[in-house]
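Engineer: Sending over a structure as structure tokens; questions will come in a sec.
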Amino acid sequence: MWEKYGVKINWICDAENGYALKGLLYTGRNGEERQIDLAGTKVGQLAQPFHGLTYITAIGTVFAHVCHDVLACLRKAARRDLYSTLAVYEQNRKVTMINYVPRKNSNVLLLTSCHAKLKVDNQ
Numbered sequence: 002m003w004e005k006y007g008v009k010i011n012w013i014c015d016a017e018n019g020y021a022l023k024g025l026l027y028t029g030r031n032g033e034e035r036q037i038d039l040a041g042t043k044v045g046q047l048a049q050p051f052h053g054l055t056y057i058t059a060i061g062t063v064f065a066h067v068c069h070d071v072l073a074c075l076r077k078a079a080r081r082d083l084y085s086t087l088a089v090y091e092q093n094r095k096v097t098m099i100n101y102v103p104r105k106n107s108n109v110l111l112l113t114s115c116h117a118k119l120k121v122d123n124q
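Residue numbers (the numbering used here): 2 to 124.
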């Protein structure tokens, strides 16, 4: 049986200019034990140096108040077609949520408060 090799780098970037502020290298799990809430842990580690700053706090507040029923709708990838994309724009909070289904029973969620206009390119 062959094994997968590779690395994954999680980045936190500046919303205005796209510059990378901090990155974390992930080379896979250690041993057979599964980690719980790995994504939340990584986000917490990336955002830790910026905790308490006004612009990060504002983004956190927007994220915390996003309608949970909208997020639940976007997360149901099992009922969606492969390679499909669903975008939701909440006008009063100027938040765009995008959901992409790259493979069966998997999804990628993007939540942004920086991209007020949604432009779709079908190519």
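Cβ atoms here follow ideal geometry from the backbone N, Cα and C, with glycine treated the same way.
On a predicted model such as this, the values are computed, not experimentally measured, just so you know.
(1) Is any heavy atom in the ligand MG found nearer than 7 Å to the beta carbon of S107?
(2) Answer yes or no: do T86 and Y101 have a C-beta to C-beta separation smaller than 8 Å?
(3) Cα separation between V109 and P103?
(4) Taking its Cβ as the centre, do 16 or more other Cβ atoms sit within 10 Å of E17, making it buried, or is it exposed?
(5) According to DSSP, is T28 part of a helix, a strand, or is it coil?
(6) When the Cα atoms are used, what is the spatial distance from N11 to F51?
(7) Relative to the alpha-carbon of K23, which residue among Q36, D15 and I37 has its alpha-carbon at the smallest distance?
Structural biologist: The relevant details are as follows:
(1) With respect to the ligand MG, the structure shown offers nothing to examine, as it has no ligands at all.
(2) Against a cut-off of 8 Å, the Cβ pair of Y101 and T86 comes out as a contact.
(3) 7 Å
(4) exposed
(5) coil
(6) Cα to Cα, N11 sits roughly 16 Å from F51.
(7) D15
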